[in-house]
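To start, the structure itself, in structure tokens.
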Amino acid sequence: PAMTTESFRKDVAKKLSDLQGSADEDAKIDFPNDLTSSDRKYIHKIAESFRLHTLSSGTGDARYISVYKNPPAGQEAKRPPRETGAGVLNLSPAAAQRLQHVASTVPNVPGRVLLAKVKPMGRALGRVTAKMPVARPQDGDVVEGY
2 PAMTTESFRK DVAKKLSDLQ GSADEDAKID FPNDLTSSDR KYIHKIAESF
52 RLHTLSSGTG DARYISVYKN PPAGQEAKRP PRETGAGVLN LSPAAAQRLQ
102 HVASTVPNVP GRVLLAKVKP MGRALGRVTA KMPVARPQDG DVVEGY
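This is the structure we're talking about:
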């Protein structure tokens, strides 16, 4: 299979997604040794995006890649585990006072709080993208950016 084929990419993504969701913490996938070096490179890159761990073994035509849910024994994690929950925000006393002042000026309204994802403008400017249905603000709603 060549890296450029959509079926190869979908197959790799499906296998890695299944591995990531596996209840077996020691789960792994050994890919065949008939993959090209660019195929193996693609698998390394995609596995990284799934926060999975990879290990290449063998040489020449016998080289193959294994993908692990967790680092195998003897191999350290390449990156720290993903943090969960909100981090701690340390503010200077002046910044904390300013934030309290701004928060106290927000009107208490009976409407819903709507979150608006604000994307930076850049190369995407001018490109048309598919839009998801969005709840339209109504009188009394508060819109917050994140």
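If you read the sequence shown in this note's numbering, its first letter stands for residue 2, the second for the next number, and so on. Heads up, the beta-carbon is just placed ideally off N, CA and C, and yes, glycines get one too. This structure is a prediction, so every number in the text was calculated from the model and none was measured.
For Lys-29, the enclosing beta strand (DSSP E) has its first and last residue at 29 to 31. Residues Ile-30 of the same chain have their beta carbon placed closer than 7 Å to that of Lys-16, with the five preceding and five following residues left out of the count. By DSSP's assignment, Tyr-65 forms a beta bridge with Ser-58. In this model, Lys-46 and Asp-140 are separated by some 47 Å (Cα to Cα). CA-CA distance, Ser-57 to Phe-32, rounds to 10 Å. By the criterion of a C-beta distance shorter than 7 Å, Glu-26 is surrounded in its chain by Lys-70, Asn-71, once the five residues flanking it on both sides are discounted.
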